[in-house]
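Respectively, the protein sequence lines represent chains A and B.
The numbering of the first sequence is this note's numbering, which starts it at 1 and goes up by one.
The numbering of the second sequence is this note's numbering, which starts it at 1001 and goes up by one.
Every residue, glycine too, gets a C-beta built ideally from N, C-alpha and C.
Nothing here was measured: the structure is a model prediction, and the numbers come from that model.
There are 2 protein chains.
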Amino acid sequence: MELQIRTPRRSLSRDWTIAIGDHTFDYCVRSGGRAWSDLLPRLAALQVDHFVMIADTGVREKAEEACRRIAALPGSTCTLFLLPVNEATKSIATIEQLSLRAEHEVGITVNSCIIGFGGGLVANIAGFLAAIQFRGLRLIQMPTTLLSMADVMPSVKQGVNTSAGKNHLGTYTAPLFVWADLTSLRTLPRIEIQSALCEMMKFILTIAPPHGSTLYETIIAELHPDMRYQEDQLLRIIHLCVEAKCQILAGDPHEQGEGLLFEYGHTVGHALELLSSQGPDPLPHGLAIGLGMLVAARVARMLGLLSEREEKTHHGFLHLIGVPTRIPATLSTDAILALLRHDNKRGRLKALPDDEIAMVLLRHLHEPHRTEKTVLTRVPLTVVRAAIEATRLDVFA
Amino acid sequence: MELQIRTPRRSLSRDWTIAIGDHTFDYCVRSGGRAWSDLLPRLAALQVDHFVMIADTGVREKAEEACRRIAALPGSTCTLFLLPVNEATKSIATIEQLSLRAEHEVGITVNSCIIGFGGGLVANIAGFLAAIQFRGLRLIQMPTTLLSMADVMPSVKQGVNTSAGKNHLGTYTAPLFVWADLTSLRTLPRIEIQSALCEMMKFILTIAPPHGSTLYETIIAELHPDMRYQEDQLLRIIHLCVEAKCQILAGDPHEQGEGLLFEYGHTVGHALELLSSQGPDPLPHGLAIGLGMLVAARVARMLGLLSEREEKTHHGFLHLIGVPTRIPATLSTDAILALLRHDNKRGRLKALPDDEIAMVLLRHLHEPHRTEKTVLTRVPLTVVRAAIEATRLDVFA
């Protein structure tokens, strides 16, 4: 990843060039007035006839304002399609409806452009629509959540869910560019910031920092459970995540090999997220992943891979972020284990018996345990069960 | 296109390497026993866990036989999904249904492979499913019609229709290889052969033959309205079409520029096809395109581009193929003209008024008339009307 620093003393502005496989695109971070004064000339240069902005109903006002500004460009229209975005609307039916609305209500052509405005779900929907409408329209991503800026944008994975699974239909498609306006994070609920920080911790725990970089230390030193993060701090957090993720994606654009590291904490984390979503207290994605990483750390310790000190580091990070370090009693171990049988990493290890699962484990901080030419390890369910039980009481608290 | 000739004296066998943009794939033509003895080792080498064969109900028996042979490969299963293939089933809903059946009934994984078995429609459906299932599965095309072998296979365009238009959702996706078994053409109805020959004529009329090639002359000399074509003749026909199409696609993989030549005869031809499909005597695609080319030739002559002799060549070719050279009286000129307003080439010329359409025209045989840096020409509807009327009586018959 190439880093260009522009006029750092006025308002915040960073441009990165992201390279993932054959895809290359710009990732631009701005704050304040430059978020618009830099964007509009860039959009005008594209000579787009119609912009179609797909946004989450949760960011309606920001999206309407953005749409008005873009529609004022000479020669272009901009139409806003608002969606109640959740895993259920992330479907192929939604894609077809958006396609038909864009054709009938807007009259899009091959010279039109799709904008994804919102969080990661809306980015995947907008990205997949752009990938297949007329066999490919131009795409611009305008993420408005820290999770999307830090973890979803450095990726070319687009897609929707089917009843058979999450993201089972999709493509690898890059945007023209990503435009991240830090101003939009000002009103983001604290728990969404914390959720993104859990994913950042995943990168810190699994991937070694670039040689000579002190970014990890700087960011960790700034973390505090009650923190309201400043824009320069948020920029550093995004920088760390984008850099770490791209370091892996450069060699594994489709996340089939080393990219499975991004699944750290996700095996048990996904199960906790899904299970809790059926009850009164749904765990936000990042918080579920945080707990999943604690289980993975405990499993690794039980298998003699991680030291007590290294496991404790996992807990310490979550304490700094201010998120739970104990699996809620309402989520039963049996129910969690039942869901693990459907984990999508199962097929990656050959002939995995029913009483084992495939997990990403660490043998040291920043160093995955490798077996069978993968970053996955076969783990007996009995060990996972014990690790889940152990994560109900935080002995390091 | 690179041509390799293998053991031409025994059974027919040709392997071409097709290069379209960044996509490269093998196009293999076989006949007789080699269609299977060469294919099976090739399939075995892929180490596929599950083959899913998508086929038209019209080729049920051939597909079942093919599926049995492939299922006998050690380590692989092969499951047949039969579809009543028509423009209505070529939908995103069909793609999702196939995806769910493949997951639930077969248990496909990232190591599975989709096979398209049948005509061009099934190829587009199978191709699009392979493009987006798990963000891309392997794809093999086994065309069973001459039109698909000659005109659809040398292409990476996949897609489905929406209510807004044909192929409005899709991707550019290449197969691993195309496997064309000439044996499957033995039982093809004569009119389907003639339909494919009309598309071949489109290539002959619009694209100059490779320097020094006598293929055009050889094939034209072999045409006869009552002909039953031999396999070596069919191979030459496929060769001509694949070579002509790839010559253009090499420089224009997405068919946005020079590739619009493939639309020759299609402006009026599509209207005739659609209109006649609503009546008792639907015109097969190729025959409609044949008539569309006659209208295009007449328009070109009215605009002073083509000579009488060159227009006559158009009619002579259709006579040799044995297809109609007169627009049926049941299709009214007003109804045809009304449909032309929705032609998808309209948007390619700027600010085209309602009383003009965009057509591919020739200024000489093998030489398109170019305007506004395209191979399209603005034509007043009054001229099109007169040309349609003139094509109701074949003055060259």
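Counting only beta-carbon atoms, is residue i nearer than 8 Å to chain B?
i	result
residue 267(A)	no
residue 31(A)	no
residue 372(A)	no
residue 23(A)	no
residue 134(A)	yes
residue 168(A)	yes
residue 104(A)	yes
residue 307(A)	no
residue 171(A)	yes
residue 164(A)	yes
residue 159(A)	yes
residue 347(A)	yes
residue 92(A)	yes
residue 131(A)	yes
Report buried or exposed for residue i, applying the criterion of at least 16 other Cβ atoms within 10 angstroms of its Cβ.
i	result
residue 1086(B)	exposed
residue 1304(B)	exposed
residue 341(A)	exposed
residue 232(A)	exposed
residue 148(A)	buried
residue 1230(B)	exposed
residue 1151(B)	buried
residue 213(A)	exposed
residue 1104(B)	exposed
residue 190(A)	exposed
residue 62(A)	buried
residue 65(A)	exposed
residue 72(A)	exposed
residue 1013(B)	buried
residue 1296(B)	buried
residue 37(A)	exposed
residue 22(A)	exposed
Within the same chain, show all residues whose beta-carbon is closer than 6 Å to that of residue i, passing over the 5 residues directly before and after it, in chain order.
i	result
residue 327(A)	291, 391, 392
residue 244(A)	203, 207
residue 1282(B)	1276
residue 1083(B)	1089
residue 1050(B)	1077, 1106, 1108, 1112
residue 396(A)	312, 315
residue 1168(B)	1162
residue 130(A)	114, 137, 139
residue 1020(B)	1156, 1249, 1253
residue 1259(B)	1248, 1252
residue 1126(B)	1054, 1114, 1116
residue 1301(B)	1311
residue 236(A)	219
residue 102(A)	52, 108
residue 1001(B)	Residue confidence is low: residue 1001(B) scores 48 on pLDDT, short of 50, so the model does not pin down where it sits. Its coordinate-derived value is still stated next. Cβ within range, chain order: 1016, 1243, 1246.
residue 1318(B)	1290, 1325
Using beta carbons (cut-off 8 Å, strictly below), is residue i in contact with chain A?
i	result
residue 1020(B)	no
residue 1109(B)	yes
residue 1310(B)	no
residue 1357(B)	no
residue 1082(B)	no
residue 1100(B)	yes
residue 1096(B)	yes
residue 1005(B)	Residue placement at residue 1005(B) is poorly supported in this model, since its pLDDT is 39, which falls under 50; the coordinates are not used for a value here.
Closer than 7 Å by C-beta to residue i: which residues in its own chain qualify, once you throw out the five before and the five after it? Chain order, please.
i	result
residue 4(A)	For residue 4(A), the predicted structure reports a pLDDT of 42, less than 50, and the residue's modelled location is therefore unreliable. The matter cannot be settled from this model.
residue 185(A)	146, 234
residue 60(A)	82
residue 1128(B)	1095, 1158, 1159, 1160, 1170, 1171
residue 1267(B)	1292, 1340, 1343, 1345, 1357, 1359
residue 1183(B)	1031, 1032, 1035
Can we count residue i as close to the ligand COA, meaning its CB is less than 7 Å from some heavy atom?
i	result
residue 1114(B)	For the structure depicted, the ligand COA is absent and the ligand set is empty, with no information on it obtainable.
Only counting the same chain, and skipping five residues up and downstream in sequence, which positions put a Cβ closer than 8 Å to that of residue i?
i	result
residue 1224(B)	1320, 1322
Inset, instruction - Please list the segments of the beta strand (DSSP E) lying wholly inside the region 13-100 of chain A, counting only runs of 3 or more residues, in order along the chain. - result: 13-20, 23-30, 50-56, 77-83
Inset, instruction - Please determine if the region 1135-1152 of chain B and the region 1165-1177 of chain B are in contact, where contact requires at least 3 C-beta pairs separated by less than 8 Å. - result: yes
Inset, instruction - With a floor of 4 residues, list each alpha helix (DSSP H) that falls wholly inside the region 271-328 of chain A, ordered by position along the chain. - result: 285-302, 308-321
Inset, instruction - List in chain order: all unbroken beta strand (DSSP E) runs of 3+ residues lying wholly within the region 1196-1236 of chain B. - result: none
Legend entry - Validate contact between the region 332-341 of chain A and the region 211-228 of chain A using beta carbons, cut 8 Å, 3 pairs: no
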